[in-house]
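Heads up: the structure comes next, in C-alpha coordinates.
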Amino acid sequence: MTGQTNTAPLAVIVMGVSGCGKSSVGALLAKRLGLGFAEGDALHPPANVEKMAKGTPLTDDDRWPWLTRIGQDIAAAQSAGAGIVVSCSALKQSYRDLLRREAGGQLHFVYLEGSHALLLSRMGARTGHFMPVALLDSQLATLEVPTGEPGVTTVSIDQSVEDIVEDAIRGLAPSL
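Throughout, this note's numbering is defined as the position within the sequence shown, counted from one, plus 1.
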(Lines of atoms letter the chains of each structure in order from A; the text may use other names.)
(Lines give C-alpha, C1' and ligand atoms only; values in the text may rest on other atoms or scores of the structure.)
Protein backbone atom coordinates (compact mmCIF):
# COMPACT_ATOMS: atom_id res chain seq x y z
CA MET A 2 0.00 0.00 0.00
CA THR A 3 1.43 3.39 -0.85
CA GLY A 4 1.76 6.21 1.62
CA GLN A 5 3.31 4.19 4.44
CA THR A 6 5.29 6.31 6.85
CA ASN A 7 7.70 3.58 7.92
CA THR A 8 10.15 1.67 5.73
CA ALA A 9 8.90 -1.85 6.46
CA PRO A 10 5.89 -3.18 4.58
CA LEU A 11 2.64 -3.17 6.52
CA ALA A 12 2.14 -6.07 8.96
CA VAL A 13 -1.23 -6.55 10.66
CA ILE A 14 -2.46 -9.18 13.09
CA VAL A 15 -6.22 -9.61 13.25
CA MET A 16 -6.75 -10.75 16.82
CA GLY A 17 -9.39 -11.82 19.30
CA VAL A 18 -10.97 -14.89 20.84
CA SER A 19 -12.28 -17.84 18.88
CA GLY A 20 -15.43 -17.07 16.93
CA CYS A 21 -14.78 -13.36 16.45
CA GLY A 22 -14.10 -13.71 12.72
CA LYS A 23 -10.32 -13.40 12.55
CA SER A 24 -9.99 -15.57 9.45
CA SER A 25 -12.83 -14.00 7.47
CA VAL A 26 -11.85 -10.45 8.42
CA GLY A 27 -8.14 -11.11 7.91
CA ALA A 28 -8.60 -12.58 4.44
CA LEU A 29 -10.83 -9.73 3.27
CA LEU A 30 -8.59 -7.09 4.88
CA ALA A 31 -5.55 -8.54 3.12
CA LYS A 32 -7.41 -8.58 -0.20
CA ARG A 33 -8.57 -4.98 0.22
CA LEU A 34 -5.03 -3.83 1.11
CA GLY A 35 -3.33 -5.92 -1.57
CA LEU A 36 -1.34 -7.91 1.00
CA GLY A 37 -0.69 -11.58 1.62
CA PHE A 38 -2.75 -13.43 4.22
CA ALA A 39 -1.64 -16.14 6.65
CA GLU A 40 -4.11 -18.19 8.68
CA GLY A 41 -2.57 -18.39 12.15
CA ASP A 42 -4.47 -21.56 13.05
CA ALA A 43 -2.71 -23.35 10.19
CA LEU A 44 0.64 -22.58 11.86
CA HIS A 45 -0.23 -24.37 15.13
CA PRO A 46 1.81 -27.50 15.79
CA PRO A 47 -0.35 -30.65 15.44
CA ALA A 48 -0.16 -31.24 19.21
CA ASN A 49 -1.84 -27.87 19.86
CA VAL A 50 -4.65 -28.60 17.40
CA GLU A 51 -5.20 -32.03 18.94
CA LYS A 52 -5.28 -30.55 22.43
CA MET A 53 -7.84 -27.88 21.49
CA ALA A 54 -9.96 -30.37 19.53
CA LYS A 55 -10.22 -32.43 22.73
CA GLY A 56 -11.46 -29.35 24.60
CA THR A 57 -8.24 -28.72 26.52
CA PRO A 58 -7.14 -25.07 26.67
CA LEU A 59 -3.61 -24.28 25.55
CA THR A 60 -1.05 -23.15 28.10
CA ASP A 61 1.51 -20.40 27.62
CA ASP A 62 4.12 -23.11 27.00
CA ASP A 63 1.93 -24.48 24.18
CA ARG A 64 1.57 -21.04 22.63
CA TRP A 65 5.15 -19.68 22.75
CA PRO A 66 6.53 -21.73 19.79
CA TRP A 67 3.42 -20.96 17.71
CA LEU A 68 3.63 -17.24 18.42
CA THR A 69 7.38 -17.24 17.70
CA ARG A 70 6.72 -18.87 14.33
CA ILE A 71 4.06 -16.30 13.45
CA GLY A 72 6.41 -13.45 14.36
CA GLN A 73 9.22 -15.00 12.33
CA ASP A 74 6.90 -15.48 9.34
CA ILE A 75 5.96 -11.79 9.55
CA ALA A 76 9.63 -10.78 9.71
CA ALA A 77 10.42 -13.01 6.71
CA ALA A 78 7.58 -11.50 4.67
CA GLN A 79 8.70 -7.97 5.50
CA SER A 80 12.35 -8.68 4.76
CA ALA A 81 11.21 -9.98 1.36
CA GLY A 82 9.44 -6.64 0.85
CA ALA A 83 5.93 -8.03 1.29
CA GLY A 84 3.22 -6.78 3.60
CA ILE A 85 1.11 -9.35 5.40
CA VAL A 86 -2.07 -9.84 7.40
CA VAL A 87 -2.15 -12.73 9.89
CA SER A 88 -5.03 -14.09 11.93
CA CYS A 89 -3.87 -14.89 15.47
CA SER A 90 -5.70 -14.83 18.80
CA ALA A 91 -2.84 -12.92 20.52
CA LEU A 92 -4.86 -13.03 23.75
CA LYS A 93 -2.29 -11.69 26.24
CA GLN A 94 -0.11 -8.62 26.16
CA SER A 95 2.94 -10.85 26.65
CA TYR A 96 1.94 -12.72 23.46
CA ARG A 97 1.57 -9.47 21.54
CA ASP A 98 4.90 -8.25 22.89
CA LEU A 99 6.58 -11.47 21.73
CA LEU A 100 4.98 -11.07 18.29
CA ARG A 101 6.26 -7.48 18.12
CA ARG A 102 9.79 -8.60 19.06
CA GLU A 103 9.85 -11.54 16.64
CA ALA A 104 8.41 -9.45 13.82
CA GLY A 105 11.30 -7.06 14.37
CA GLY A 106 9.43 -3.90 13.56
CA GLN A 107 6.21 -2.03 13.71
CA LEU A 108 3.26 -4.39 13.99
CA HIS A 109 -0.39 -3.37 13.91
CA PHE A 110 -3.23 -5.20 15.61
CA VAL A 111 -6.91 -5.17 14.71
CA TYR A 112 -8.75 -6.36 17.83
CA LEU A 113 -12.16 -7.86 17.05
CA GLU A 114 -14.41 -7.25 20.02
CA GLY A 115 -17.82 -8.78 20.65
CA SER A 116 -20.21 -9.89 23.35
CA HIS A 117 -20.13 -13.37 24.85
CA ALA A 118 -23.57 -14.11 23.37
CA LEU A 119 -22.52 -13.09 19.85
CA LEU A 120 -19.27 -15.05 20.04
CA LEU A 121 -21.10 -18.13 21.33
CA SER A 122 -23.64 -17.85 18.51
CA ARG A 123 -20.95 -17.56 15.86
CA MET A 124 -18.94 -20.47 17.23
CA GLY A 125 -22.05 -22.64 17.36
CA ALA A 126 -22.91 -21.84 13.75
CA ARG A 127 -19.58 -22.72 12.16
CA THR A 128 -18.70 -26.15 10.91
CA GLY A 129 -15.42 -27.98 10.42
CA HIS A 130 -13.39 -26.00 12.96
CA PHE A 131 -11.29 -27.79 15.56
CA MET A 132 -12.05 -25.29 18.35
CA PRO A 133 -15.06 -26.43 20.41
CA VAL A 134 -17.56 -23.93 21.83
CA ALA A 135 -16.56 -25.16 25.30
CA LEU A 136 -13.22 -23.32 25.04
CA LEU A 137 -14.74 -19.85 24.56
CA ASP A 138 -14.91 -19.14 28.30
CA SER A 139 -11.24 -20.10 28.79
CA GLN A 140 -10.25 -17.82 25.91
CA LEU A 141 -12.23 -14.93 27.38
CA ALA A 142 -10.63 -15.57 30.78
CA THR A 143 -7.18 -15.47 29.15
CA LEU A 144 -7.89 -12.36 27.06
CA GLU A 145 -6.09 -9.19 28.13
CA VAL A 146 -7.90 -6.50 26.15
CA PRO A 147 -5.29 -4.48 24.23
CA THR A 148 -6.83 -1.08 24.93
CA GLY A 149 -4.08 1.52 25.21
CA GLU A 150 -1.35 -0.56 23.58
CA PRO A 151 0.43 1.08 20.63
CA GLY A 152 -0.73 0.18 17.15
CA VAL A 153 -4.08 -1.35 18.16
CA THR A 154 -7.38 -0.66 16.39
CA THR A 155 -10.48 -2.03 18.12
CA VAL A 156 -13.44 -2.98 15.91
CA SER A 157 -16.86 -4.24 16.98
CA ILE A 158 -17.90 -7.52 15.37
CA ASP A 159 -21.60 -6.66 15.69
CA GLN A 160 -21.75 -5.82 11.95
CA SER A 161 -21.02 -7.39 8.56
CA VAL A 162 -17.54 -8.59 7.66
CA GLU A 163 -17.36 -5.85 5.03
CA ASP A 164 -18.18 -3.16 7.62
CA ILE A 165 -15.67 -4.65 10.08
CA VAL A 166 -12.98 -4.44 7.41
CA GLU A 167 -13.96 -0.84 6.57
CA ASP A 168 -13.62 0.09 10.27
CA ALA A 169 -10.25 -1.69 10.40
CA ILE A 170 -8.98 0.18 7.34
CA ARG A 171 -10.08 3.50 8.88
CA GLY A 172 -8.17 2.60 12.04
CA LEU A 173 -5.07 1.59 10.09
CA ALA A 174 -5.25 4.65 7.79
CA PRO A 175 -2.39 6.56 9.47
CA SER A 176 -0.07 3.62 8.65
CA LEU A 177 -1.20 3.12 5.07
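For every residue, glycine included, the Cβ atom is placed at its ideal position computed from N, Cα and C.
Spatial distance of residue i from residue j (CA atoms)
i	j	result
Ala-28	Phe-38	6 Å
Pro-100	Ser-90	Per the sequence shown, the amino acid found at residue 100 is Leu instead of Pro. Going by the C-alpha atoms only, they are around 11 Å apart.
Asp-98	Trp-65	11 Å
Gly-35	Gly-72	20 Å
Gln-107	Leu-119	31 Å
Leu-59	Val-146	18 Å
Glu-167	Glu-40	20 Å
Leu-44	Ser-176	26 Å
His-130	Gly-105	Note that His-130 scores 48 on pLDDT, short of 50, meaning its location in the model is unreliable and no value can be drawn from it.
Lys-32	Thr-143	30 Å
Gln-160	Ser-25	13 Å
Asp-138	Glu-51	19 Å
Pro-10	His-109	11 Å
Asp-164	Arg-70	30 Å
Val-162	Arg-171	14 Å
Leu-136	Thr-57	7 Å
Lys-55	Ala-83	36 Å
Residue i: CB within 7 Å of a non-hydrogen atom of the ligand MN
i	result
Tyr-96	Ligands are entirely absent from the displayed structure, and the ligand MN is therefore not among its contents.
8 Å Cβ cutoff, residue i in contact with chain B
i	result
Ile-85	The chain labelled as chain B is not found in the depicted structure, where only one protein chain is given.
Assumed close pair residue i, residue j - CB separation to whole angstroms, cut-off 8 Å
i	j	result
Ile-85	Ala-12	5 Å
Ile-158	Glu-114	7 Å
Tyr-112	Met-16	5 Å
Asn-49	Asp-63	5 Å
Thr-154	Leu-173	6 Å
Pro-46	Trp-67	7 Å
Buried or exposed by the 16-neighbour rule on C-beta atoms within 10 Å, applied to residue i
i	result
Ser-122	exposed
His-117	exposed
Asp-42	buried
Leu-141	exposed
Ala-81	exposed
Ser-88	buried
Bridge partners - residue i, DSSP secondary structure assignment
i	result
Gly-37	Ile-85
Thr-57	Thr-57 is not bridged to any residue.
Glu-114	Ser-157
Val-13	Val-86 and His-109
Check whether the segment 18–33 touches the segment 68–80, counting contact only when three or more Cβ pairs, one atom from each stretch, lie closer than 8 Å. no
Does the segment 89–101 come within contact of the segment 144–158, defined as at least 3 CB pairs closer than 8 Å? yes
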